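Its first residue numbered 9, the sequence shown is counted upward by one per residue in my numbering.
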Amino acid sequence: HLNPLNVKIAELREALESVTAEQKYLKAREERHWH
Numbered sequence: 009h010l011n012p013l014n015v016k017i018a019e020l021r022e023a024l025e026s027v028t029a030e031q032k033y034l035k036a037r038e039e040r041h042w043h
């Protein structure tokens with residue numbers, strides 16, 4: 009039996025990690041583009 013709050017927290021954490029990874033990817037791509 010999963011606690012709905014724990015499920016929500018896990019989903020938010022995964023979403024945050026994917027956004028952070030995307031930001032790093034875009035930043036790295038921009039740096040390669042400009043240099």
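No residue lacks a Cβ here, since even glycine has one placed at the ideal position from N, Cα and C.
In this text, all values refer to a predicted model and were calculated from it rather than measured experimentally.
For residue j and residue i, the rounded distance between their alpha carbons
i: E25; j: V15; result: 15 Å
i: A29; j: A18; result: 16 Å
i: N11; j: R21; result: 15 Å
i: R37; j: Q31; result: 10 Å
i: L13; j: W42; result: 43 Å
i: K4; j: V27; result: Limits of the chain in this structure are 9 at one end and 43 at the other, which puts residue 4 out of reach.
i: E39; j: Y33; result: 10 Å
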